[in-house]
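See structure below.
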Amino acid sequence: METAKVLEWGDYLVITLTIAISVGIGIYYRFAGDRQKTSETSLTIFAAVGGPLLGLFTLGMLFESANQRGAVLGSALSLMFSLWISFGSPRPVAQGLPVSIEGCSNETRSFLYKKLEMEHITLQEYLHPPIPDKSKFLYLYRISYMWIGPIGFFITIVIGLVTSNLSQFFGFESPKNINPDLFFPFIAKRIRKRLQTDNGLTAHKYEFKNKTRCNTATTHM
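All the letters of the sequence shown, read from the start, carry residue numbers 1 to 221 under full-length UniProt numbering.
This is the structure:
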(Lines of atoms letter the chains of each structure in order from A and count residues from 1; the text may use other names and numbers.)
(Lines give C-alpha, C1' and ligand atoms only; values in the text may rest on other atoms or scores of the structure.)
Protein backbone atom coordinates (compact mmCIF):
# COMPACT_ATOMS: atom_id res chain seq x y z
CA MET A 1 0.00 0.00 0.00
CA GLU A 2 1.48 3.32 -1.05
CA THR A 3 1.69 6.09 1.51
CA ALA A 4 0.46 9.58 0.69
CA LYS A 5 3.15 12.12 -0.01
CA VAL A 6 3.36 14.93 2.51
CA LEU A 7 3.76 18.34 0.92
CA GLU A 8 6.63 20.46 2.17
CA TRP A 9 6.81 24.23 2.46
CA GLY A 10 8.51 24.48 -0.90
CA ASP A 11 5.64 22.62 -2.57
CA TYR A 12 3.09 24.97 -1.01
CA LEU A 13 5.12 27.94 -2.22
CA VAL A 14 5.20 26.64 -5.79
CA ILE A 15 1.44 26.00 -5.72
CA THR A 16 0.76 29.49 -4.35
CA LEU A 17 2.89 31.18 -6.99
CA THR A 18 1.31 29.09 -9.75
CA ILE A 19 -2.18 30.13 -8.65
CA ALA A 20 -1.09 33.76 -8.42
CA ILE A 21 0.38 33.71 -11.92
CA SER A 22 -2.78 32.08 -13.28
CA VAL A 23 -4.94 34.76 -11.66
CA GLY A 24 -2.63 37.42 -13.05
CA ILE A 25 -2.93 36.04 -16.57
CA GLY A 26 -6.72 36.01 -16.23
CA ILE A 27 -6.71 39.63 -15.11
CA TYR A 28 -4.47 40.50 -18.03
CA TYR A 29 -6.86 39.02 -20.57
CA ARG A 30 -9.72 40.76 -18.80
CA PHE A 31 -8.20 44.14 -19.70
CA ALA A 32 -6.56 43.07 -22.95
CA GLY A 33 -9.52 44.34 -24.96
CA ASP A 34 -8.45 47.91 -24.26
CA ARG A 35 -5.30 48.47 -26.28
CA GLN A 36 -4.27 51.43 -24.16
CA LYS A 37 -4.21 49.32 -21.00
CA THR A 38 -2.54 46.23 -22.45
CA SER A 39 1.05 47.37 -21.96
CA GLU A 40 0.43 48.82 -18.50
CA THR A 41 -1.47 45.73 -17.35
CA SER A 42 1.27 43.34 -18.50
CA LEU A 43 3.97 45.40 -16.76
CA THR A 44 1.84 45.60 -13.63
CA ILE A 45 1.44 41.81 -13.49
CA PHE A 46 5.16 41.35 -14.06
CA ALA A 47 5.96 43.77 -11.22
CA ALA A 48 3.39 42.27 -8.84
CA VAL A 49 4.83 38.76 -9.29
CA GLY A 50 8.48 39.60 -9.98
CA GLY A 51 8.95 41.79 -6.90
CA PRO A 52 8.06 39.09 -4.33
CA LEU A 53 10.05 36.47 -6.29
CA LEU A 54 13.15 38.67 -6.31
CA GLY A 55 12.69 39.29 -2.60
CA LEU A 56 12.34 35.55 -1.97
CA PHE A 57 15.62 34.66 -3.68
CA THR A 58 17.43 37.63 -2.14
CA LEU A 59 16.17 36.67 1.31
CA GLY A 60 17.55 33.15 0.99
CA MET A 61 20.89 34.15 -0.55
CA LEU A 62 21.68 37.15 1.65
CA PHE A 63 20.48 36.38 5.18
CA GLU A 64 21.64 33.37 7.19
CA SER A 65 18.73 33.60 9.62
CA ALA A 66 16.10 33.12 6.89
CA ASN A 67 14.10 29.89 7.03
CA GLN A 68 11.12 28.28 5.32
CA ARG A 69 8.49 29.86 7.54
CA GLY A 70 9.78 33.35 6.89
CA ALA A 71 10.22 32.77 3.16
CA VAL A 72 6.72 31.36 2.65
CA LEU A 73 4.92 33.93 4.79
CA GLY A 74 6.90 36.87 3.46
CA SER A 75 6.50 36.00 -0.21
CA ALA A 76 2.80 35.08 0.16
CA LEU A 77 1.84 38.30 1.97
CA SER A 78 3.94 40.38 -0.39
CA LEU A 79 2.32 38.77 -3.42
CA MET A 80 -1.19 39.34 -2.08
CA PHE A 81 -0.39 42.95 -1.20
CA SER A 82 1.13 43.62 -4.63
CA LEU A 83 -1.89 42.17 -6.42
CA TRP A 84 -4.22 44.14 -4.15
CA ILE A 85 -2.67 47.53 -4.88
CA SER A 86 -2.47 46.58 -8.57
CA PHE A 87 -6.02 45.38 -9.23
CA GLY A 88 -7.87 45.60 -5.92
CA SER A 89 -9.82 48.77 -6.55
CA PRO A 90 -10.48 51.39 -9.23
CA ARG A 91 -7.58 53.76 -9.65
CA PRO A 92 -7.43 57.24 -11.16
CA VAL A 93 -7.09 57.31 -14.92
CA ALA A 94 -3.87 58.86 -16.14
CA GLN A 95 -4.50 62.06 -18.07
CA GLY A 96 -2.42 62.03 -21.23
CA LEU A 97 -1.21 65.12 -23.03
CA PRO A 98 -3.19 66.33 -26.05
CA VAL A 99 -1.87 65.16 -29.41
CA SER A 100 -3.86 67.48 -31.66
CA ILE A 101 -1.97 70.09 -33.71
CA GLU A 102 -4.92 72.45 -33.81
CA GLY A 103 -3.94 75.93 -32.74
CA CYS A 104 -0.25 75.46 -33.54
CA SER A 105 1.31 78.49 -35.19
CA ASN A 106 2.23 78.31 -38.87
CA GLU A 107 4.54 80.85 -40.46
CA THR A 108 2.70 80.63 -43.81
CA ARG A 109 -0.53 81.85 -42.29
CA SER A 110 -1.46 85.46 -41.92
CA PHE A 111 -1.41 87.33 -38.63
CA LEU A 112 -5.18 87.56 -38.64
CA TYR A 113 -5.55 83.81 -38.99
CA LYS A 114 -3.12 83.30 -36.12
CA LYS A 115 -5.17 85.64 -33.99
CA LEU A 116 -8.32 83.66 -34.69
CA GLU A 117 -6.53 80.39 -33.93
CA MET A 118 -5.29 81.68 -30.58
CA GLU A 119 -8.77 82.73 -29.56
CA HIS A 120 -10.03 79.35 -30.69
CA ILE A 121 -7.60 77.70 -28.28
CA THR A 122 -8.85 79.90 -25.46
CA LEU A 123 -12.40 78.80 -26.21
CA GLN A 124 -11.41 75.14 -26.36
CA GLU A 125 -9.95 75.28 -22.86
CA TYR A 126 -13.48 75.72 -21.49
CA LEU A 127 -14.77 72.79 -23.51
CA HIS A 128 -12.33 70.22 -22.09
CA PRO A 129 -13.74 68.10 -19.24
CA PRO A 130 -12.30 68.88 -15.82
CA ILE A 131 -9.47 66.69 -14.56
CA PRO A 132 -10.76 64.33 -11.82
CA ASP A 133 -9.56 64.91 -8.29
CA LYS A 134 -7.11 62.12 -7.45
CA SER A 135 -7.10 62.91 -3.72
CA LYS A 136 -10.31 60.92 -3.21
CA PHE A 137 -8.45 57.71 -4.09
CA LEU A 138 -6.33 55.79 -1.59
CA TYR A 139 -2.67 56.73 -1.86
CA LEU A 140 -1.65 53.14 -2.67
CA TYR A 141 -3.92 53.23 -5.72
CA ARG A 142 -2.34 56.45 -6.96
CA ILE A 143 1.27 55.27 -7.13
CA SER A 144 2.81 54.23 -10.43
CA TYR A 145 2.94 50.56 -11.40
CA MET A 146 6.73 50.94 -11.59
CA TRP A 147 6.84 51.06 -7.76
CA ILE A 148 4.92 47.82 -7.26
CA GLY A 149 7.99 45.63 -7.83
CA PRO A 150 10.24 47.40 -5.28
CA ILE A 151 7.40 47.49 -2.74
CA GLY A 152 6.83 43.73 -3.08
CA PHE A 153 10.59 43.14 -2.82
CA PHE A 154 10.99 45.03 0.46
CA ILE A 155 7.84 43.54 2.00
CA THR A 156 9.16 40.03 1.33
CA ILE A 157 12.52 40.87 2.91
CA VAL A 158 11.09 42.57 6.01
CA ILE A 159 8.33 40.05 6.78
CA GLY A 160 10.62 37.13 5.95
CA LEU A 161 13.33 38.31 8.35
CA VAL A 162 10.90 39.13 11.16
CA THR A 163 9.09 35.79 10.85
CA SER A 164 12.34 33.80 10.62
CA ASN A 165 13.86 35.42 13.71
CA LEU A 166 10.64 35.09 15.72
CA SER A 167 10.28 31.41 14.82
CA GLN A 168 13.85 30.75 15.96
CA PHE A 169 13.40 32.83 19.11
CA PHE A 170 10.28 30.92 20.21
CA GLY A 171 11.74 27.54 19.24
CA PHE A 172 9.48 26.76 16.28
CA GLU A 173 12.50 26.40 14.00
CA SER A 174 15.59 24.48 15.13
CA PRO A 175 19.10 25.59 14.09
CA LYS A 176 20.20 24.12 10.77
CA ASN A 177 23.42 23.38 8.97
CA ILE A 178 24.16 26.13 6.48
CA ASN A 179 25.44 25.35 3.00
CA PRO A 180 27.76 28.20 1.92
CA ASP A 181 27.22 27.39 -1.77
CA LEU A 182 23.65 28.75 -1.56
CA PHE A 183 24.65 32.30 -0.58
CA PHE A 184 26.16 35.29 -2.31
CA PRO A 185 29.96 34.99 -2.68
CA PHE A 186 30.84 37.53 0.02
CA ILE A 187 28.37 35.90 2.43
CA ALA A 188 29.62 32.41 1.55
CA LYS A 189 33.22 33.48 2.22
CA ARG A 190 32.32 34.67 5.70
CA ILE A 191 30.38 31.47 6.44
CA ARG A 192 33.26 29.24 5.31
CA LYS A 193 35.70 31.20 7.44
CA ARG A 194 33.46 30.85 10.48
CA LEU A 195 32.94 27.12 9.89
CA GLN A 196 36.68 26.55 9.56
CA THR A 197 37.26 28.40 12.82
CA ASP A 198 34.56 26.40 14.59
CA ASN A 199 35.88 23.11 13.22
CA GLY A 200 39.39 24.03 14.31
CA LEU A 201 38.26 24.80 17.85
CA THR A 202 36.24 21.58 17.98
CA ALA A 203 39.19 19.52 16.79
CA HIS A 204 41.48 21.22 19.31
CA LYS A 205 39.08 20.48 22.18
CA TYR A 206 38.71 16.86 21.07
CA GLU A 207 42.49 16.45 20.90
CA PHE A 208 42.91 18.04 24.34
CA LYS A 209 40.34 15.66 25.85
CA ASN A 210 42.07 12.63 24.34
CA LYS A 211 45.43 13.72 25.72
CA THR A 212 43.90 14.24 29.16
CA ARG A 213 42.36 10.76 29.11
CA CYS A 214 45.64 9.20 28.02
CA ASN A 215 47.57 10.97 30.79
CA THR A 216 44.99 9.92 33.37
CA ALA A 217 45.14 6.29 32.23
CA THR A 218 48.96 6.31 32.33
CA THR A 219 48.95 7.70 35.87
CA HIS A 220 46.64 4.96 37.16
CA MET A 221 48.68 2.16 35.59
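Where is the CB? At the ideal position from N, CA and C, for every residue including glycine.
Coil, strand or helix - residue i by DSSP
| i | result |
| --- | --- |
| residue 165 | helix |
| residue 171 | coil |
| residue 15 | helix |
| residue 188 | helix |
| residue 138 | coil |
| residue 40 | helix |
| residue 193 | helix |
| residue 87 | helix |
| residue 78 | helix |
| residue 100 | coil |
| residue 65 | coil |
| residue 22 | helix |
| residue 155 | helix |
| residue 148 | helix |
| residue 183 | coil |
| residue 178 | coil |
| residue 234 | Residue 234 is absent from the structure shown; the chain starts at 1 and stops at 221. |
Spatial neighbours of residue i in its chain, beta-carbon cut-off 8 Å, leaving aside the 5 residues before and after
| i | result |
| --- | --- |
| residue 24 | 45, 48, 49 and 83 |
| residue 40 | 145 |
| residue 167 | 67, 69, 70 and 173 |
| residue 65 | 161, 164, 165 and 168 |
| residue 81 | 151, 152 and 155 |
Straight-line Cα distance separating residue j from residue i
| i | j | result |
| --- | --- | --- |
| residue 13 | residue 184 | 22 Å |
| residue 177 | residue 139 | 44 Å |
| residue 181 | residue 188 | 6 Å |
| residue 51 | residue 19 | 16 Å |
| residue 158 | residue 63 | 11 Å |
| residue 17 | residue 71 | 13 Å |
| residue 57 | residue 192 | 21 Å |
| residue 196 | residue 171 | 27 Å |
| residue 152 | residue 79 | 7 Å |
| residue 55 | residue 100 | 44 Å |
| residue 179 | residue 87 | 39 Å |
| residue 77 | residue 11 | 17 Å |
| residue 15 | residue 61 | 22 Å |
| residue 147 | residue 194 | 38 Å |
| residue 22 | residue 190 | 40 Å |
| residue 59 | residue 186 | 15 Å |
Residues near residue i in its chain [Cβ-Cβ closer than 6 Å; skip 5 each side]
| i | result |
| --- | --- |
| residue 85 | 140 |
| residue 163 | 69, 70 and 73 |
| residue 102 | none |
| residue 75 | 52, 56 and 156 |
Contacting residues, own chain, Cβ-Cβ under 7 Å from residue i (five flanking each side not counted)
| i | result |
| --- | --- |
| residue 149 | 47, 50 and 51 |
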